[in-house]
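In what follows, a structure is listed as structure tokens, so that the remarks can point back to it.
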Ligand code: GUN
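Numbering (our numbering), first residue to last: 1 to 282.
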């Protein structure tokens, strides 16, 4: 039997309607929410992500400022821009697209963003708040995954969630959110021995490695929820995830497609976080 598809584009439309309504309310009170997006360098993938983020702001009544810098921008100049945006009352959220060029210390840059404007939820104080169960901002991709589970009314409490990938952006915060929701959590990484041994235990399988086909149908427990965070290109140049979707969908109970799954949800949750940041300033 074929899995049910969790459609991130459709779910995003619903959630973005709420974002637009809240943005309009804030604007009517003289406080239009504002997001600043900074891109350093010209990675084609980052340019697409950033363009989609800025467009989503425009479409939903959020003011956006897009600053694009040459890859040679100095760390000091970037920190200077962040200081100015921290002090700008029209800006409620600041996002610096990662990765940054190697001469810039990404940790230093993230820590320079005011915690109350860190809509990515990457600042150490926000990571700490998340870990202690009082998040100010939930990182956008893992937050979007939780919304997808909520949309299918999945009983997370007591379920075994296996996460493949242990990044600060997805894997680690995802583990915290699932743990808080009552799941038993296993985090695998690129060095995990016999990955399938772990993934076959998963009621919820979240895959975020950036490696195409790292999860194949034989690695999935029948009926599991499979969430594919990957964004890769296949041999024909078409977008694909980390999961062998065509075969996995015959084993899974629910599965997210790429494109049209987690990707739009990440952007939607960025909008939600920006609205919340603006609402907190009222
Ligand atoms: N690079 C890949 N994903 C993300 C994200 O969610 N936020 C930022 N700032 N950079 C990213």
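Don't be surprised by glycine CBs; every beta carbon is placed ideally from N, CA and C.
Cutoff 6 angstroms; reference residue i; Cβ partners in own chain excluding five residues on either side
i, result
"residue 266", "140, 141 and 144"
"residue 213", "244"
"residue 68", "39"
Close beta carbons around residue i, own chain, < 8 angstroms, minus the five adjacent residues each side
i, result
"residue 330", "Any property of residue 330 remains undetermined from this structure, which presents the chain solely from 1 to 282."
"residue 16", "56, 59, 60, 268 and 271"
"residue 154", "204, 225 and 254"
"residue 24", "61"
Pair within 8 angstroms by beta-carbon distance, residue i and residue j
i, j, result
"residue 87", "residue 98", "no"
"residue 3", "residue 253", "yes"
"residue 268", "residue 228", "no"
"residue 283", "residue 207", "Nothing can be reported for residue 283, as the shown portion of the chain is limited to 1 through 282."
"residue 244", "residue 215", "yes"
"residue 151", "residue 35", "no"
"residue 79", "residue 120", "no"
"residue 82", "residue 112", "yes"
"residue 180", "residue 223", "no"
"residue 191", "residue 242", "no"
"residue 41", "residue 71", "yes"
Residue i, DSSP secondary structure in three states
i, result
"residue 124", "helix"
"residue 107", "helix"
"residue 7", "coil"
"residue 275", "helix"
"residue 88", "coil"
"residue 68", "strand"
"residue 244", "coil"
"residue 54", "helix"
"residue 228", "strand"
"residue 255", "strand"
Cα-Cα separation between residue i and residue j, rounded to whole angstroms
i, j, result
"residue 104", "residue 48", "21 angstroms"
"residue 76", "residue 202", "45 angstroms"
"residue 62", "residue 122", "21 angstroms"
"residue 73", "residue 125", "26 angstroms"
"residue 64", "residue 6", "29 angstroms"
"residue 249", "residue 217", "8 angstroms"
"residue 115", "residue 178", "23 angstroms"
"residue 170", "residue 231", "13 angstroms"
"residue 43", "residue 50", "11 angstroms"
"residue 238", "residue 14", "27 angstroms"
"residue 251", "residue 168", "30 angstroms"
"residue 136", "residue 129", "7 angstroms"
"residue 146", "residue 174", "8 angstroms"
"residue 184", "residue 29", "44 angstroms"
"residue 45", "residue 235", "17 angstroms"
Own chain residues within Cβ distance below 7 angstroms of residue i, not counting five before or after
i, result
"residue 162", "186, 188, 198, 199, 201, 202 and 205"
"residue 261", "6, 8 and 228"
"residue 54", "37, 64 and 66"
"residue 172", "166"
Report the start-end ranges of each beta strand (DSSP E) in the segment 23 to 50 that is 3 residues or longer and not cut off at the edges.
34 to 40
Uninterrupted alpha helix (DSSP H) stretches inside the segment 134 to 221 (no shorter than 4 residues)
140 to 151, 171 to 180 and 195 to 199
Whose CB is closer than 6 angstroms to a heavy atom of ligand 3? List the residues in chain order.
Ligands displayed in this structure: ligand 1; ligand 3 is not among them.
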